[in-house]
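Chemist: For what it's worth, my numbering labels the leading residue of the sequence shown as -8, then goes sequentially.
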Amino acid sequence: MVNHPGLPFTYFNEGEAIILEILKGYQAFTQACGVLRAIEPLNSFLASLCKFTINNPNEGEKRSGILLSPGSKKPETSMDQRDSIILTPKNVQALRTLFNVAHRLHNVLGPSWVLVLETLAALDRTIHSPHASTQEVSASVSRLSRDTSGQYSDFHILSSLNSQLFESSALMNVAAVKSLLSALHQLSSQHISGNSQLSGQQIGSIAFSVERMTSILINNLHRVESIWDQIAAHHLELANCSNPQLRNMALDSLDHSICSVVGSEKFQGISSAPHPSKEYQLVEESETRSFEYAVLSPLVILYSSNKNIDVQMGALKILLHVLERHGEKLSYSWPSILHMLRAVADASEKDVISLGFQSVRVIMNEGLATIPVQCLDECILVTGAYGAQKTDINISLTAAGLLWTATDFIVKGLSGRSVQKANHLNEEVQLGVSMEEGDIPTSEEGVKRNPLQQLVDYNKLFFSVFSVLQKLGADDRPEVRNSAVRTLFQTLCTHGQKLSLSMWEDCLWIYVFPMLEHVSHLASTSSKDEWHGKELGTRAGKAVHMLIHHSRNTAQKQWDETIVLLLGGIARLLRSFFPLLQQLSKFSSGWAILLAFLKNSILNGSKEVALAAINCLQTFVSSNCPKGNLESSFVQSVLDIYELVLQTSPNYKSDSADKVKQEVLRGLGDLYVQAQSLFNDDMYLRLMAVMHLMIKSSMNSSDYDSELGSIPAVQRGILEIIPMLRPTTMLSSMWSPLLLELLCYLNGEESPLHRNSKEIREQNSDALANGTKRASVERGHINGSGTKGDTVVGCGWGILFIEKLVPIMVNLFLEAPPNERCSASPQVIQGVGRCMNTRRDNPRGTLWRVSAECFNHVVTDEVRQENAECGSDMNSYRLSRARFWKEVADVYETFLVGSCGRVLSSDVPSADSATADESLEMTVLAVFGDSVLKLQKEAPVEVLQRLVNCLDRCASRTGSLPIQTVGLLPLHCSRFSLGCLQMMFSLCSCISKTSSHPAVSETSKVSISILTKRCEVILGQFLADENDLGDRPLPSVRIEETVCVLQELARLILDIETANALNIPLYLKDALRENQSHGRAHLLSLLPTFSELVVSR
-8 MVNHPGLPFT YFNEGEAIIL EILKGYQAFT QACGVLRAIE PLNSFLASLC KFTINNPNEG
52 EKRSGILLSP GSKKPETSMD QRDSIILTPK NVQALRTLFN VAHRLHNVLG PSWVLVLETL
112 AALDRTIHSP HASTQEVSAS VSRLSRDTSG QYSDFHILSS LNSQLFESSA LMNVAAVKSL
172 LSALHQLSSQ HISGNSQLSG QQIGSIAFSV ERMTSILINN LHRVESIWDQ IAAHHLELAN
232 CSNPQLRNMA LDSLDHSICS VVGSEKFQGI SSAPHPSKEY QLVEESETRS FEYAVLSPLV
292 ILYSSNKNID VQMGALKILL HVLERHGEKL SYSWPSILHM LRAVADASEK DVISLGFQSV
352 RVIMNEGLAT IPVQCLDECI LVTGAYGAQK TDINISLTAA GLLWTATDFI VKGLSGRSVQ
412 KANHLNEEVQ LGVSMEEGDI PTSEEGVKRN PLQQLVDYNK LFFSVFSVLQ KLGADDRPEV
472 RNSAVRTLFQ TLCTHGQKLS LSMWEDCLWI YVFPMLEHVS HLASTSSKDE WHGKELGTRA
532 GKAVHMLIHH SRNTAQKQWD ETIVLLLGGI ARLLRSFFPL LQQLSKFSSG WAILLAFLKN
592 SILNGSKEVA LAAINCLQTF VSSNCPKGNL ESSFVQSVLD IYELVLQTSP NYKSDSADKV
652 KQEVLRGLGD LYVQAQSLFN DDMYLRLMAV MHLMIKSSMN SSDYDSELGS IPAVQRGILE
712 IIPMLRPTTM LSSMWSPLLL ELLCYLNGEE SPLHRNSKEI REQNSDALAN GTKRASVERG
772 HINGSGTKGD TVVGCGWGIL FIEKLVPIMV NLFLEAPPNE RCSASPQVIQ GVGRCMNTRR
832 DNPRGTLWRV SAECFNHVVT DEVRQENAEC GSDMNSYRLS RARFWKEVAD VYETFLVGSC
892 GRVLSSDVPS ADSATADESL EMTVLAVFGD SVLKLQKEAP VEVLQRLVNC LDRCASRTGS
952 LPIQTVGLLP LHCSRFSLGC LQMMFSLCSC ISKTSSHPAV SETSKVSISI LTKRCEVILG
1012 QFLADENDLG DRPLPSVRIE ETVCVLQELA RLILDIETAN ALNIPLYLKD ALRENQSHGR
1072 AHLLSLLPTF SELVVSR
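Shown next as structure tokens:
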């Protein structure tokens, strides 16, 4: 019977009760063989029992009844998955018996497990087959009827028993578990062949083995070290198969297995459990290190040794899952992990790199705090490798962002170390013990609790990040290097306050300045050839390319963009940390290097680079001057650069050059506004000399903008900064040079500064080359008196520019201190008057109109000035005022007599323009009479006579015309003449006088004699014209003029002093004074004229 244990089933196929008894006997004999270690009988009973657990469609094999030893290979069955598989009650009971035997003999089965596992694999396939079913049992066996209620119930019970068998592996001894794993390995390996095409049954057997291995692992995590190698080896074997289904199966199972092991409590306690014995602790640490390497090593092996992309990506996915779920539990495997990820960065497949980079992101975002300190530097280098890879630019950009995250972690460590160091210093001071700088005591107990604990060299980590960013800053991809530059300077600007001076020194001299030099070199040597965009297709046989913006269509332009970012970053550093940077030992040499770079960028760089360099200087000045952080030497160094740039650039004629000049001019204005307190007279004169140079170089009659009727850009910049240059109280002596300089532009003369500009440029260039420029301009260069030129206004300067300059100059003049105004007022009046006189050559222009309005403001304000406001030097004051009144008389004589009330040319302006011009003329006349002649207090008598004569000449314009042509005179001309005549009457009237000052009476005395003569001429002319015409009517102009004289004479009332100035006999004056009738003395003076008119009637 022992040799042929299958005979009972052969002879007793009928009767289920008999089957149960036979199965009990099988179980008893098999257990007995197991207990007695009778291997051969045990295998025979197991083989026979297994043979009758599942019906095999191959009847030939059923009849053969061949018994197989565990070492022999079971013939492959060719059962089609579509064949119907039916489990009879006999099969079900046989399977239950098999499970009972396996449970009871699990520690002694050894190699016999193969027989059991083959049967269980077949059961597993049957349970999952859609064509499998169970057979109903007869009603004669009540026990079977109660236990089986249908195929699904039977399948569920068998499936549960199948799972429980492997779950109970936790109760087996280690040797039994290893035997079970070996059997599973053997079951799986016998189906693996070189042929990638496997049947469904073979795949099912392999899947069964893999799943049961995983189940055993999950249930034996408490002793996983003993069984891991077997499990990992089989997974690696499957992963290296040519069948993709097996590879995926192995990778999925390996993912589950590794995550389960790493996430287990056993694994977590490996590196954290305290040990009383140091020797024992070292042994445990060595074992822990080895096991952690063993758990993660399959991933490294798969990636490095297997060239299949799917396998490599599977290994990377497993690593990603481990890091996401249990990364904080890893300790000793980090070097191999980082080495693997570093190798991924060099891969050529985009998907592989992307998957590896996901792990890097998890590490940098979440794992830096838990990584061993000796691996932190490698983390940064690995991140830099992903930034440098050329396969996926988005990964490179994200890597730069991860470096920013790393700096946050590092700076927190720096701050924490500073606090810890301060606390320990306080403790040591209290104990009387000194510590060396940089030493931070470490708790021995802490080291004992965690043998991995080491002091983190945060300085080294910080510089590692900067080293990576520096390399990325020279990347040939614009987006990558620009991102690196932004990250570097953002790091410095954000965390600069937490860095020591020594770290600042290293940052600047090891990273920032070399980056500046290297990027500048790469930009200068880069290609200027235009790029063509990506080809999109063809049209009419020609390739169609994507358009690239002209600002980015060459390599050099894109390198220039990087330089712009570098300059912007430096500007941020100067704005935020300049006081701190001044404390550095190498600050002076660094400042010189920076100024040289900025100067070269402005002079030789593209427009964008030059503007960025100028903005850097402007930011430096505007952010530090208000805080009082700048000394005069820094302001002078900035002024030196601006001056050299503007002296070098006059020969450049392009839109880009003009934009640069415009920004430099704006920078000059901002420099003066922000650093006014640091300017002295010499610096201010240099500033004006530079401005003069730019104005002179910008004046070109062929400018395209001027032809279009607009001001060129550089000239607009000049006009913007001139109002900013108003001298401060400390520079009050500079008002006269400033105003005289502006007047030179109005008069078309050479500035005193310009006579020395060549010498100054040579001195400045030599001094800047030596780095010791301290040039100055003597005040005498600009304070010298200029001669009155004969050239017309705006000769070579540009009329449009002069039109805008006149109001600016006048406003500055009105803001000047009284004593400075007093000395400059003659030249201002002269300059504005010359602009007013342009009406003769260009009556339709706007310059004379603007100048006339400005002249009214100046002369009105100056006439009202008090003597006490103009200083204590009365001699100088009198001389200046005398010149002032002379210039006023010259302006009125030229403008009123030569321009106002004159007959216009044949090019008649529009009605609105003519009305506006007449209104302006009348305004000038009103200011002349009401604000100048009536309010003046110190005008010399000879000047008053000139002024009143000027008014008289304008009033005589109508009467001087012969009777034949006076009727052709335009109405505005006659109205202006009448206005002048009425103004003369107003000057003489005591009713219209607004002041009782003696100077006002002097104006009346000068005016009355001229007025009476004018009245005699007008009345005499009327009489002569009347006689000449006879019965013909007089022209209306002549009648209006005569009526105006008679009406004004009737209204005129003189004061006593004005009446005494009349040319009448002395006895008549006495009589008028005695009778107090002096108010009408002018009528007595005109009595002969009136008599002739009466007689002629």
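Positions of the beta carbon are idealized from the N, C-alpha and C atoms, including for glycine.
With DSSP collapsed to three states, give me the class of ARG948.
Modeler: coil
Chemist: Once DSSP output is grouped into helix, strand and coil, what is the label at ARG677?
Modeler: helix
Chemist: Take LEU722 and list the residues in its own chain whose beta-carbon comes closer than 7 angstroms to its own, dropping the five residues that flank it on each side.
Modeler: PHE670, ASP672, TYR675
Chemist: Give me the Cα-Cα distance between LEU969 and ILE605, rounded to the nearest whole angstrom.
Modeler: 60 angstroms
Chemist: By Cβ distance, which residues of its chain are closer than 6 angstroms to HIS963, with the 5 residues on each side in sequence left out?
Modeler: GLU909
Chemist: With distances taken between CB atoms, is the gap from ASP301 to PRO235 smaller than 9 angstroms?
Modeler: yes
Chemist: Taking the alpha-carbon positions, what's the VAL503 to SER688 distance?
Modeler: 37 angstroms
Chemist: Buried or exposed: which applies to PRO1024, given that a residue is buried once 16 or more other Cβ atoms fall within 10 Å of its Cβ?
Modeler: exposed
Chemist: Going by the DSSP bridge assignment, what does ARG1023 pair with across the sheet?
Modeler: Its beta-bridge partners do not exist; DSSP assigns none.
Chemist: With a 10 Å radius around its C-beta and 16 neighbouring C-beta atoms as the bar for buried, classify GLY596 as buried or exposed.
Modeler: buried
Chemist: Just to confirm before moving on: does the CB-CB distance between ALA376 and ARG333 stay below 9 angstroms?
Modeler: yes
Chemist: Look up ARG657 in the DSSP assignment and say whether it is helix, strand or coil.
Modeler: In the displayed model, ARG657 falls within a helix according to three-state DSSP.
Chemist: Would you call ARG872 buried or exposed, if buried means 16 or more other Cβ atoms sit within 10 Å of its Cβ?
Modeler: buried
Chemist: With a 10 Å radius around its C-beta and 16 neighbouring C-beta atoms as the bar for buried, classify ASN164 as buried or exposed.
Modeler: exposed
Chemist: Excluding the five sequence neighbours on either side, which residues of its own chain have a C-beta within less than 6 angstroms of the C-beta of GLU158, listed in chain order?
Modeler: ASN210
Chemist: Secondary structure at LYS81, three-state DSSP: helix, strand or coil?
Modeler: helix
Chemist: Taking the straight line between their C-alpha atoms, what separation do you get for GLU1039 and ASN810?
Modeler: 42 angstroms
Chemist: Beta carbon of ILE222, beta carbon of LEU172: below 9 angstroms?
Modeler: Yes, they are a contact pair.
Chemist: By the three-class DSSP mapping on this structure, what secondary structure does ARG1064 have?
Modeler: helix
Chemist: Under DSSP, the alpha helix (DSSP H) around LYS169 begins and ends at which residues?
Modeler: 165 to 180
Chemist: Among ILE292, PRO617, ASN1018, which has the Cα closest to the Cα of ASP661?
Modeler: PRO617
Chemist: Helix, strand or coil for LYS381? Go by DSSP, reduced to three states.
Modeler: If DSSP states are grouped into helix, strand and coil, LYS381 belongs with coil.
Chemist: Taking only runs of the alpha helix (DSSP H) that begin and end inside the region 887 to 933, which ones reach a length of at least 4 residues, in chain order?
Modeler: 902 to 917
Chemist: So what's SER129 in DSSP terms, helix, strand or just coil?
Modeler: With a pLDDT of only 42 at SER129, under 50, the local geometry of the prediction cannot be trusted, and no value is derived from it.
Chemist: How is THR956 classed by DSSP in three states: helix, strand or coil?
Modeler: coil
Chemist: Report all residues from its chain with a CB closer than 7 angstroms to the CB of LEU1084; omit the five preceding and five following residues, and keep chain order.
Modeler: Leaving aside the five residues that flank LEU1084 on each side, the residues in its chain whose CB is nearer than 7 angstroms to its CB run, in chain order, LEU1010, LEU1014.
Chemist: Out of LEU935, LYS1060, LEU499, state which residue places its alpha-carbon closest to the alpha-carbon of GLU884.
Modeler: LEU935
Chemist: Between GLY619, ASP943, GLY347, ALA397, which has its C-alpha nearest ALA666's C-alpha?
Modeler: GLY619
Chemist: Please report how far the alpha carbon of ARG566 lies from the alpha carbon of MET715, in whole angstroms.
Modeler: 23 angstroms
Chemist: SER517 and TRP550 look like a contact to me (Cβ under 8 angstroms); what is the Cβ gap, rounded to whole Å?
Modeler: So it is a contact: roughly 5 angstroms between Cβ atoms.
Chemist: From what residue to what residue does the alpha helix (DSSP H) around ARG563 run?
Modeler: According to the DSSP assignment, ARG563 belongs to the alpha helix (DSSP H) that extends over 546 to 572.
Chemist: If you drop the 5 nearest sequence neighbours on each side, which residues of the same chain put their C-beta closer than 8 angstroms to that of SER339?
Modeler: The answer, listed in chain order, is THR382.
Chemist: In angstroms with no decimal places, state the Cα-to-Cα distance between SER904 and GLN818.
Modeler: Roughly 30 angstroms between the two C-alpha positions.
Chemist: Output the distance between the C-alpha atoms of LEU359 and LEU393, rounded to the nearest integer angstrom.
Modeler: 11 angstroms
Chemist: What does the alpha-carbon distance come out to for the pair ARG948 and LEU1059?
Modeler: 33 angstroms
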